[in-house]
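For reference, each letter of the sequence shown is one residue, going 0 to 167 in numbering that gives the first Met the number 0.
Just so you know, even glycine gets a beta-carbon here, dropped at the ideal spot from N, CA and C.
Worksheet: one structure, shown below.
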Amino acid sequence: MLQTEQSRTPAGAFRTTVNKQDIAAVQSLVAATGFFSTDEQELAAELVAEALARGEASGYFFLFADTDHGLAGYTCYGPIPATQSGFDLYWIAVARDQQGSGLGRLLIEASETDARARGATRMYVDTSGRAQYAPTRAFYEHMGYERTAVLEDFYAPADAKVIYSKVL
């Protein structure tokens, strides 16, 4: 429900439409972060393919930040089934050379705005409790997300699932 399909960002343009090239671009971007397993990379690509095949009926909405050099970052978010107004931020990834530029902040703010326009009143985010994810957790907290739960040993032994939420 973003008002314009494209809006200017420091990294290029935001785009909400999904195209076939996004499947490989998202998988490549997620892989290049160095944070995600092969299975997670494939899952990120599958969500793009699902949105491409089913459109809004998939329940996955995307915001892409394109540059002249390719995909600089993206978010995937959508309504949580069986809730009235909860949304999940399923994915946010920013290219390494764009990290620290403010692009992540712009992506998450625009995703929250769109989710609100779609009826969301709260956004949830899950991430890992591993030390590698400390900057990710700090980012969510900086963006106003509150740590609401920690599920120990969720992803693997000694790898907790940390759940954040934010009232929109």
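Around the CB of T126, 16 or more other CB atoms lie within 10 Å, so the residue is classed as buried.
Spatial neighbours of A44 in its own chain (CB-CB distance under 6 Å, excluding positions within 5 residues in sequence) are listed in chain order as I22, V25, Q26. In the DSSP annotation of this structure, the continuous segment of the beta strand (DSSP E) that includes E145 starts and ends at 145 to 155.
Looking from the CA of T32, the closest CA among K160, F138, Y59, I91 belongs to I91. Counting only residues of its own chain and dropping the five nearest sequence neighbours on each side, M142 has a CB closer than 6 Å to the CB of I107. T74 is positioned such that its CB atom lies closer than 8 Å to that of F61. Contact check for Y144 against Y132 fails: the beta carbons are separated by 8 Å or more. With contacts defined by Cβ atoms closer than 8 Å, E39 and V47 do not form a contacting pair. Counting other Cβ atoms within 10 Å of its Cβ, S36 stays below 16 and is therefore classed as exposed. Distance between M122 and A56, taken at the CA atoms: about 19 Å. Contact check for P78 and G54: beta-carbon distance about 14 Å, past the 8 Å limit, so the pair fails to qualify. For the pair A109 and L167, the CB atoms are not nearer than the 8 Å cut-off. Residue environment for D96: exposed (fewer than 16 other C-beta atoms within 10 angstroms of its C-beta). Per DSSP, the continuous beta strand (DSSP E) segment holding D158 begins and ends at 158 to 166. Taking the CA atoms as reference points, L42 sits about 19 Å from A71. Here A64 really is in contact with F13; their C-beta atoms are around 6 Å apart, less than 8 Å.
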